[in-house]
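Protein sequences, first through last, are from chains A and B.
Taken in order, the first sequence gives residues 85 to 525; the numbers are from my numbering.
Taken in order, the second sequence gives residues 3 to 470; the numbers are from my numbering.
Note that beta-carbon positions come from the ideal geometry of N, C-alpha and C, so glycine has one too.
Structure, as structure tokens:
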Amino acid sequence: MQGNGFHNAKLFTAVNPAATIDYALFQRCVHCGLCTSSCPTYTELGDENDSPRGRIQLMRMVADGHPLSDRMRRHLELCLDCRACETACPSGVRYGRLIEPFRLAVEQADQRGEARYDWFREIVLFRLFPYADRMRRLLLPVRLMQRLGWYEMAERLGLFRVIPGRLGRMAPLLPSRLQTAPRLPKFLPAVGRKRARVAFFVGCVADAVFRPTHWATLRVLQQNGCDVFIPPEQGCCGAIHFHSGDNRGARRMADANLVAFELDRYDAIVVNHAGCGAMMKEYGLHWQDGLQPHRAKFAAKVKDINEFLDNLGMVPPAGRIEAVATYHDACHLAHAQAITEAPRRLLSLIPGLELRELPESGICCGSAGVYNLNQAEMSDRLAQRKVENILSTGARIVLASNAGCLLQIQRELRRRKLPLFVMHPMDLLDLSYESKRPWRG
Amino acid sequence: MSPLVTELRAAAGRENVLSAPSELAVYDCDGLTIERQPPRAVVLPGSTRQVAAVIRVCQRQGVPVVPRGAGTSLAGGCVPLGEAVVLALSRMNKVLSIDLRNRMAVVEAGVANLQLARALSGTGFHFAPDPSSQAASTIGGNTATNAGGPHTLKYGVTVNHVLGVEVVLSNGSIVQFGPVGDPAGLDLIGLLVGSEGTLGIVTKVWVRLMPNPQDFHTLRAIFADVADASNAVSQIIAAGIIPAAMELMDQGILAVVEEAFHFGFPTDAGAILILEVDGPRAGLDRQQQRIVELCRQFGAREVLQASTAPQRELLWKCRKLAVAATGRLSPSYLIEDGVVPRSRLPQIIDRIAEIGRRHQIRIVNVAHAGDGNVHPILLFDERDRQQVDRALAAGREVLEECIACGGSVTAEHGIGIEKIALMGRLFAPADLEAMRRVRQAFDPSLRLNPGKLIPPRGLSPLDRGHPQ
Ligand code: SF4
Ligand code: SF4
Numbered sequence: 085m086q087g088n089g090f091h092n093a094k095l096f097t098a099v100n101p102a103a104t105i106d107y108a109l110f111q112r113c114v115h116c117g118l119c120t121s122s123c124p125t126y127t128e129l130g131d132e133n134d135s136p137r138g139r140i141q142l143m144r145m146v147a148d149g150h151p152l153s154d155r156m157r158r159h160l161e162l163c164l165d166c167r168a169c170e171t172a173c174p175s176g177v178r179y180g181r182l183i184e185p186f187r188l189a190v191e192q193a194d195q196r197g198e199a200r201y202d203w204f205r206e207i208v209l210f211r212l213f214p215y216a217d218r219m220r221r222l223l224l225p226v227r228l229m230q231r232l233g234w235y236e237m238a239e240r241l242g243l244f245r246v247i248p249g250r251l252g253r254m255a256p257l258l259p260s261r262l263q264t265a266p267r268l269p270k271f272l273p274a275v276g277r278k279r280a281r282v283a284f285f286v287g288c289v290a291d292a293v294f295r296p297t298h299w300a301t302l303r304v305l306q307q308n309g310c311d312v313f314i315p316p317e318q319g320c321c322g323a324i325h326f327h328s329g330d331n332r333g334a335r336r337m338a339d340a341n342l343v344a345f346e347l348d349r350y351d352a353i354v355v356n357h358a359g360c361g362a363m364m365k366e367y368g369l370h371w372q373d374g375l376q377p378h379r380a381k382f383a384a385k386v387k388d389i390n391e392f393l394d395n396l397g398m399v400p401p402a403g404r405i406e407a408v409a410t411y412h413d414a415c416h417l418a419h420a421q422a423i424t425e426a427p428r429r430l431l432s433l434i435p436g437l438e439l440r441e442l443p444e445s446g447i448c449c450g451s452a453g454v455y456n457l458n459q460a461e462m463s464d465r466l467a468q469r470k471v472e473n474i475l476s477t478g479a480r481i482v483l484a485s486n487a488g489c490l491l492q493i494q495r496e497l498r499r500r501k502l503p504l505f506v507m508h509p510m511d512l513l514d515l516s517y518e519s520k521r522p523w524r525g
Numbered sequence: 003m004s005p006l007v008t009e010l011r012a013a014a015g016r017e018n019v020l021s022a023p024s025e026l027a028v029y030d031c032d033g034l035t036i037e038r039q040p041p042r043a044v045v046l047p048g049s050t051r052q053v054a055a056v057i058r059v060c061q062r063q064g065v066p067v068v069p070r071g072a073g074t075s076l077a078g079g080c081v082p083l084g085e086a087v088v089l090a091l092s093r094m095n096k097v098l099s100i101d102l103r104n105r106m107a108v109v110e111a112g113v114a115n116l117q118l119a120r121a122l123s124g125t126g127f128h129f130a131p132d133p134s135s136q137a138a139s140t141i142g143g144n145t146a147t148n149a150g151g152p153h154t155l156k157y158g159v160t161v162n163h164v165l166g167v168e169v170v171l172s173n174g175s176i177v178q179f180g181p182v183g184d185p186a187g188l189d190l191i192g193l194l195v196g197s198e199g200t201l202g203i204v205t206k207v208w209v210r211l212m213p214n215p216q217d218f219h220t221l222r223a224i225f226a227d228v229a230d231a232s233n234a235v236s237q238i239i240a241a242g243i244i245p246a247a248m249e250l251m252d253q254g255i256l257a258v259v260e261e262a263f264h265f266g267f268p269t270d271a272g273a274i275l276i277l278e279v280d281g282p283r284a285g286l287d288r289q290q291q292r293i294v295e296l297c298r299q300f301g302a303r304e305v306l307q308a309s310t311a312p313q314r315e316l317l318w319k320c321r322k323l324a325v326a327a328t329g330r331l332s333p334s335y336l337i338e339d340g341v342v343p344r345s346r347l348p349q350i351i352d353r354i355a356e357i358g359r360r361h362q363i364r365i366v367n368v369a370h371a372g373d374g375n376v377h378p379i380l381l382f383d384e385r386d387r388q389q390v391d392r393a394l395a396a397g398r399e400v401l402e403e404c405i406a407c408g409g410s411v412t413a414e415h416g417i418g419i420e421k422i423a424l425m426g427r428l429f430a431p432a433d434l435e436a437m438r439r440v441r442q443a444f445d446p447s448l449r450l451n452p453g454k455l456i457p458p459r460g461l462s463p464l465d466r467g468h469p470q
């Protein structure tokens, strides 16, 4: 590249963060720039350092021996890892396989170097989030407050703002009515002719916050002739650890799931939140050890609920829902798993529902895992952009197949006091099967 | 901090100026990667006033200014030669108004084609130029390079669709040409469109909106070889049909496109034509029938119509993204832009293959067959200096060959630095001198995108204008 002096460069003495990246992956990028307009951060900021092409060049510079300056680092940290650029790239650049190992290495170097204790990461992210029961216990007081009407008052009065940092940002993310639902059973039988035998993946945050959606999903599976098994030993998919730089923690989670699911018993492992699905579909990629073939086999069985029902051929639901709805493409579904048509096809089977295309549907809502906690400003900007686009459709129902998106969109709508319904496609399909509607009257 | 950066910050706002070397590197080239040079600073102005202020600073400091849109140019038009300041218009990205009654839209220069298309969706109107980079490229960039695209055959290039421009001149003054019905005085719009930022910086564009055709039929025809396909093309034109587009892809590129987009092209086909007719529904069936007959007459083994909108979109995606998809075959490419009489297409494709073999450079081809415009794509690894040299030599020969076939070198991708040395082939010395004088009239100190488009006196033809 060039040989200028780099004044701001923070020399890192540890290993080169690009060291584990296959250089051929960089060379796939022909620098055409056709990905830029799909990138949320470039669209917002207009600086090519915040575009996919720019970030690839920054990482490649580091691979070529250039020190990683603080500024370069900031541009790379601002990336949502939404992988919209992968969908856009004609040359087949696997961007996720560049940024993920790169960030992992930077994070690990940090931990080695400064040994700074990040309480949020260690306690909230690693000890709390991945365990659905701990999360639920923690949320008990919230639920109580909500029932008493204190929570909304606190939100109105801005009391959450006095909670410092990332924890303070989390409070308003919670849905205004945390619904309770009974624990999931171990097994639910197919309704009608039996068509498949599946295992259901429960997850952590999804179970703590969206258990009613789990129930809806299970009922939809039953309606479609599936025997559904819910192995009780399963745990978190490991995505939280993986994306926060704890590679080993992520592998532990993955391997616990290998044990929990007896693959040969099921036609598929069905997941209803895109973030978990994307992670589990990549189990075979991340760790090259003796268990790798098992992980790859596991990954091949993982199916997103929309994908699974679409392939199976969904039994059309009968209940009419006269409403205008719009569907938001979760990054982890559209870009990481290339699933865009299936959910639209399923939803179009609901009698009476008018599905309007959401402008910029494939642009991230700013949730992106824990991004909304770490990169608050960009996250808010993208949430606002998303809601503007949603409003332009005139829809009353917004659908998304991922917990993070649901929370993020809900929060922004609530902040603006907009009475839209934010739901998972399975919630709406379930209502239609049950001949109910999202609202009374 | 250098005085230049201090002044730029004052002119455009601190948050709109990049000056750390590690942040400048990504602005060191555009889609043409064999020339790289980092700029001295990058400014991302938010308004025309800021653009003007930046130009004045650069004039005072004696620093060249290079405008940039999305940086998708394939000709190096955005490479900051001479330690220039890059003026990136990406933050000026608002669609200012859409006036359907007067069939006109007003956009800031940094608006992407895609963004305008989105804003127009559902109105029944569109902006006609459709360069292959349209997913990312900007209207300002289209204007600066007079961009074309597959539908040029019927609808013309950007200059036919620009009704007015707002421009910042080299002295920092802001002027506006058009948009008026009947132009009086000099047609400066025609002069500015395609001037690649050498006469001024376009900040706002009034574009013509075309009503969407009532209907279109998109066909793909599969041929045994390029010769058959090009003969069919000539016959179609001779029969008096003007399709909206006629695009050719050869076997080499088909394989890549198939890998990238899974359209279902037979990879053993020698060549494929994508043909589109559009207009009032009434005449389309007859035109289509005639085209099918002619293709069959020239041995097409299959002519199929894309029956659904998604299929048509996928077909066009295959064609438009074909060039970048070659990244799957090799780390870098050089795309040439030649034109030959339509009847000579088979011959030039043969010659290109021979040149590739001789230089041991793999070459695949796409062509706007209707205009005899071929885009040979030369594949190489930019880290291997010898391969780079071989690719450059082969590219030069390809263009020589186009000229020898009675053709020329077009400027569809702009001249930039990539083709600057060929200008001597396209124009007589007196023509070039006239251009230089026009340029000097607009920019006496030659600070606006120097080293692009118009060659300095004495640059010999077919010397690449490389600084390296
Ligand atoms: S990532 Fe893909 S689309 Fe983006 S510049 Fe590289 S090759 Fe082009
Ligand atoms: S992953 Fe998303 S945010 Fe990151 S570069 Fe790609 S498109 Fe941009």
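Annotation for lysine 501/A: no beta strand (DSSP E) segment contains it, and DSSP assigns it neither H nor E. Taking 9 Å as the cut-off between beta carbons, the residues of the segment 318-340 of chain B near chain A are Lys319, Lys322, Leu323, Ala324, Val325, Ala326, Ala327, Thr328, Gly329, Arg330, Ser332, Pro333, Ser334, Tyr335, in sequence order. When CB distances to chain B are screened at a threshold of 8 Å, not a single residue of the segment 467-478 of chain A falls below it.
With 16 or more other Cβ atoms from the protein chains shown falling within 10 Å of its own Cβ, methionine 507/A counts as buried.
Here the distance from the Cβ of glycine 329/B to the nearest heavy atom of ligand 1 is below 7 Å. Secondary structure in the segment 76-104 of chain B: the beta strand (DSSP E) runs of 3 residues or longer, each lying completely within the stretch, are 87-90, 97-101 in chain order. Within the same chain, Cβ atoms closer than 7 Å to the Cβ of proline 509/A are found at Asn390, Pro427, Leu430, Leu431, Leu483, Ser485, the five residues on either side in sequence being excluded. Taking a C-beta distance under 8 Å as the contact criterion, aspartate 339/B and glutamate 249/B do not qualify as a contact pair. Distances from the CB of glycine 73/B to the heavy atoms of ligand 1 are all 7 Å or more.
For lysine 319/B, the secondary structure class from DSSP, reduced to helix, strand or coil, is helix. Listed along the chain, the chain A residues whose CB falls inside 7 Å of the CB of serine 92/B are Gly130. Within the segment 118-129 of chain B, contact with chain A at the beta-carbon level (separation under 7 Å) is assigned to Arg120. Taking 3 residues as the minimum length, the beta strand (DSSP E) runs contained wholly in the segment 229-263 of chain B are 247-252, in order along the chain. For ligand 1, a non-hydrogen atom lies closer than 7 Å to the CB of proline 136/A.
With a threshold of 8 Å between beta carbons, proline 503/A makes no contact with chain B.
Aspartate 445/B and aspartate 148/A have their C-alpha atoms roughly 40 Å apart.
Residues of the same chain with a CB within less than 8 Å of the CB of arginine 500/A, apart from the 5 flanking positions on each side, are Val471 in chain order. Think of a sphere of 9 Å around the beta carbon of cysteine 113/A: the chain B residues whose beta carbon falls inside it are Gly329, Pro333, in chain order. Residues of the segment 423-443 of chain A with a Cβ closer than 7 Å to any Cβ of chain B, in chain order: Pro443. DSSP lists Leu483/A as the beta-bridge partner residues of methionine 507/A.
For glutamate 191/A, the closest of Pro101/A, Pro269/A, Val275/A, Lys278/A by C-alpha to C-alpha distance is Pro101/A.
Here threonine 50/B is not bridged, per DSSP, to any residue. In this structure tyrosine 350/A is in contact with lysine 385/A, their Cβ atoms being roughly 7 Å apart against a cut-off of 8 Å. For serine 463/A, the enclosing alpha helix (DSSP H) covers residues 460-477. Between the segment 406-425 of chain B and the segment 65-80 of chain B, the count of C-beta pairs closer than 8 Å reaches three or more; the two stretches touch.
In terms of Cβ geometry, valine 67/B and tryptophan 208/B do not form a close pair [threshold 8 Å]. Proximity of chain A to alanine 137/B at the Cβ level (cut-off 8 Å) is accounted for by Leu118, Ser121, Ser122, Ala172, in chain order.
Methionine 398/A is not bridged by DSSP to any residue. Among the residues facing chain A, alanine 43/B is not included, as its CB has no counterpart in that chain under 8 Å away. Annotation: the continuous beta strand (DSSP E) that includes proline 69/B extends over 67-70. Taking 8 Å as the upper bound for CB-CB distance, alanine 302/B and alanine 234/B are in contact here, some 7 Å apart.
Serine 21/B has a beta carbon lying at 8 Å or more from every beta carbon in chain A. Rounded to the nearest angstrom, the gap between the Cα atoms of threonine 264/A and valine 355/A is 20 Å.
Within the same chain, Cβ atoms closer than 8 Å to the Cβ of phenylalanine 265/B are found at Val259, Leu316, Leu317, Cys320, the five residues on either side in sequence being excluded. Around serine 328/A, no beta-carbon contact reaches into chain B at under 7 Å, the shortest distance being about 25 Å. By the neighbour-count criterion, in which a residue is buried when 16 or more other Cβ atoms sit within 10 angstroms of its Cβ, proline 273/A is exposed.
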